[in-house]
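> Residue numbers (full-length UniProt numbering): 1 to 267.
Note that CB positions come from ideal geometry on N, CA and C, so glycine has one too.
1. In whole angstroms, give me the CA-to-CA distance for residue 127 and residue 154.
2. Taking the straight line between their C-alpha atoms, what separation do you get for residue 22 and residue 74?
3. Check each candidate in 173, 131, 149 and 166 and name the one with the smallest Cα separation from residue 140.
4. Am I right that residue 30 and residue 58 are in contact with their C-beta atoms under 8 Å? What's the rounded C-beta distance?
5. Quick one: grab the DSSP three-state call for residue 202.
6. So is residue 123 buried or exposed if we call it buried at 16+ other beta carbons inside 10 Å?
7. Starting from residue 6, trace the beta strand (DSSP E) in both directions and tell me its first and last residue.
8. Please specify which runs of the alpha helix (DSSP H), each continuous and at least 4 residues long, are wholly inside the segment 72 to 103, giving them in chain order.
9. Any idea what DSSP makes of residue 58, helix, strand or coil?
10. At which residue ranges does the UniProt domain "Dihydrodipicolinate reductase C-terminal" (127 to 263) contain complete alpha helix (DSSP H) runs of 4 or more residues, listed in the order of the chain?
11. Can you tell me whether residue 18 is buried or exposed, with buried defined as 16 or more other CB within 10 angstroms of its CB?
12. If we ignore side chains and look at the alpha-carbon of each, how far apart do residue 202 and residue 69 end up?
13. So if DSSP puts residue 28 in a beta bridge, which residue, or which two residues, is it bridged to?
14. Roughly how far, in whole angstroms, is the beta-carbon of residue 6 from the beta-carbon of residue 79, given that I think they are within contact range, below 8 Å?
15. Go to residue 68, then tell me how far its alpha helix (DSSP H) extends in each direction, as first and last residue.
16. Taking the straight line between their C-alpha atoms, what separation do you get for residue 33 and residue 46?
17. Is it buried or exposed, residue 235, if we count other Cβ atoms within 10 angstroms and call 16 or more buried?
18. Nearest to residue 160 by alpha carbon, out of 219, 187 and 40?
19. By Cβ distance below 6 Å, which residues in the same chain neighbour residue 65 in space, the five residues on each side in sequence not counted?
20. So the candidates are 62, 41 and 192; which of them puts its Cα closest to the Cα of residue 54?
21. Contact check, residue 258 vs residue 119 under 8 Å by CB: the rounded distance?
22. Who does residue 33 pair with in a DSSP beta bridge?
23. Leaving out the 5 sequence neighbours to the left and right, which residues in its chain are closer than 6 Å to residue 248 when beta-carbon positions are compared?
24. Any idea what DSSP makes of residue 44, helix, strand or coil?
25. Quick one: Cα of residue 268 to Cα of residue 196, how far?
26. Using 8 Å as the cut-off, classify the Cβ of residue 77 as near or not near the heavy atoms of the ligand SAH, replying yes or no.
27. So if DSSP puts residue 117 in a beta bridge, which residue, or which two residues, is it bridged to?
Here it is, written out as structure tokens:
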């Protein structure tokens, strides 16, 4: 399968180059950077630090749709609209890992999924997606009495907070309990606060150093607590999951899919 990559020069873009290079079922055929980027023409392997691979970085306006079967986008919200529009215009499936999208951008994604197949997930790790199933089980068993908090930590450069994965965990728990996360989420506490409202779901965010990604769902009752934690030590975990999703997406009909579809997990 010929896979194209938006944003080859990004932090995840470089790791995706490595993940695609090690996969026997996919080939990186196109890697884009900004049209005016000094990286246009640079070999993607040299960009990723793994040696020449024979594929140069290209500006988005210079690539041919005939060169790719599916695209992967782990860029920033500012580039999301143009990348998605290119996929729709050329009828190309796309795997999207961009986080921090606005409500309007999510609407654009849903509209695009009516025309092309799209996999969209807050996190492409197999472990995290299994965690989303586990927190639902915990919510069913403990949600009536336990206080629920979600803790997450990422590197100093991450711009959105809480992380997309933390929000996905919150949505999974709130949905299982019949709550609206937009109404019950608490994102910060300071000073003298009233007693905790049991129906709220709290979020705590850490940004420090080079933390790849850590998430904990805490269910705390009187006398006991359950913690479900996932820790990522390498971005290759996410990149390999995204490549797996791209391979899975080939031949699918138009629609919006998630990693629960790719991995056949309970949703």
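This is what the structure gives:
1. 17 Å
2. 19 Å
3. Ranking the options by Cα distance to residue 140, first place goes to 173.
4. 6 Å
5. strand
6. buried
7. 2 to 6
8. Whole alpha helix (DSSP H) segments, 4+ residues: 77 to 89.
9. strand
10. 164 to 177, 181 to 184, 236 to 249 and 259 to 262
11. buried
12. 41 Å
13. 3
14. 7 Å
15. Element bounds for residue 68: n/a, residue is neither H nor E.
16. Each residue's Cα considered, the two are about 14 Å apart.
17. The residue is buried, with at least 16 neighbouring Cβ atoms inside 10 Å.
18. Of 219, 187 and 40, the smallest CA-CA separation from residue 160 is found for 187.
19. 90
20. That would be 41, whose Cα lies nearest to the Cα of residue 54.
21. Contact flag correct, Cβ pair sits at about 7 Å.
22. Beta-bridge pairing links residue 33 to 59.
23. 262
24. helix
25. The displayed coordinates of the chain run from 1 to 267. Any statement about residue 268 would go beyond what the structure contains.
26. Looking for the ligand SAH in the displayed structure turns up nothing, as the structure carries no ligands at all.
27. 255
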